[in-house]
Amino acid sequence: MANNVLVEEYNKPENQSIILLDNLNEDEIGFDSFDGKSLGRLAFGLPLEDSNTPFYESFLTQNGGGGLIIMTWSMLCFIIMGILSILRYGCVGILDGLSSLWIAHCAWAGDETPAIGYINLLTRSIVLSYIFDLAWLEAYFVIHNPWDFEGIGSEILACILFTIAIAVSVSFWLRWFYRAVKQPFW
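For my numbering, count along the sequence shown from 1 and bump the result up by 320.
Here you go:
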């Protein structure tokens, strides 16, 4: 979904110094072509060529930012999304690595309920990355089209979008993850 935006940023000559992977064609460009700091800078409308400037300076009120509260809110969103992403990667790894246990348990017990739970959690874990990608893409759109959101700070809107993504992730995925950890085969 975000390929067009990422290709556009990848091809800008001023962004070539922060690219992690060089000489990619348009189909290969993705979030992994940029580092996390660069993606955060893009989500809040900061130029990538000036990556030595600290991230917090964009939130200073004298630079047109939202101030300390908005900066704290955005960093909290990034921390929570990072924790959820790490949990998701671990969950997908464990589900993939131990899939034979669920299959064996279903065959031994004659009950397909664990397999349905396994597929449910694996599908939800995969969809979780799309929720965060969509939030990043919407934040990028809000930042780069400020005239559409006149009167509301674009940093505030980006934080609202990330907060909504976190709330959806908690209700859509974390709840199910907790249930699966509590009772993995039932």
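Positions of the beta carbon are idealized from the N, C-alpha and C atoms, including for glycine.
Rounded C-alpha distance that separates residue 393 from residue 486
When the Cα atoms are used, residue 393 and residue 486 turn out to be separated by approximately 12 Å.
Beta-carbon separation (whole angstroms), residue 353 vs residue 366, contact threshold 8 Å
Actually they are not in contact, since the Cβ atoms of residue 353 and residue 366 sit about 18 Å apart, beyond 8 Å.
Straight-line gap, residue 475 to residue 491 (C-alpha atoms, nearest Å)
Straight through space, the alpha carbons of residue 491 and residue 475 are spaced by roughly 24 Å.
Mapping DSSP to helix, strand and coil, what is residue 351?
Residue state, collapsed to three classes: helix.
What alpha helix (DSSP H) runs, 4 residues minimum, are completely inside the segment 374–455?
Within the segment 374–455, the complete alpha helix (DSSP H) runs of at least 4 residues are 388–417, 419–429.
Segment contact flag, the segment 390–407 with the segment 427–436, C-beta cutoff 8 Å, min 3 pairs
Verdict: no, contact absent.
Closest residue to residue 407 among 502, 377, 504, 498 (Cα-Cα distance):
The candidate whose alpha carbon is nearest that of residue 407 is 498.
Leaving out the 5 sequence neighbours to the left and right, which residues in its chain are closer than 7 Å to residue 458 when beta-carbon positions are compared?
Only 481 meet the Cβ criterion.
Compute the Euclidean distance between the alpha carbons of residue 390 and residue 420, then round it to the nearest angstrom.
Going by the C-alpha atoms only, they are around 46 Å apart.
Where the alpha helix (DSSP H) through residue 331 begins and ends
Taken as a continuous stretch (DSSP letters only), the alpha helix (DSSP H) holding residue 331 covers 323–331.
Measure the C-alpha to C-alpha separation of residue 422 and residue 360 and round it to an integer number of angstroms.
When rounded, the distance between both Cα atoms is 38 Å.
What is the DSSP secondary structure of residue 344, counted as helix, strand or coil?
In the three-state DSSP reduction, residue 344 falls in the coil class, being neither helix nor strand.
Taking 8 Å as the cut-off, is the C-beta of residue 485 nearer than that to any heavy atom in the ligand SAH?
Absent from the structure shown: the ligand SAH. Ligands present: none.
Please report the distance separating the alpha-carbon of residue 441 from that of residue 496.
Approximately 7 Å between the Cα atoms of the pair.
Please tell me whether residue 329 and residue 362 are closer than 9 Å, where the distance is taken between their beta carbons.
Yes, the Cβ-Cβ distance between residue 329 and residue 362 is below 9 Å.
Nearest-angstrom Cα distance between residue 464 and residue 324?
One Cα belongs to residue 464, the other to residue 324, and the distance between them is close to 14 Å.
With burial defined as no fewer than 16 other Cβ atoms inside 10 Å of the residue's Cβ, what is the status of residue 438: buried or exposed?
Looking at its Cβ environment, which holds 16 or more other Cβ atoms inside 10 Å, residue 438 is buried.
Which value, in whole angstroms, describes the spacing of the CA atoms of residue 503 and residue 417?
A direct Cα-Cα distance of roughly 18 Å separates residue 503 from residue 417.
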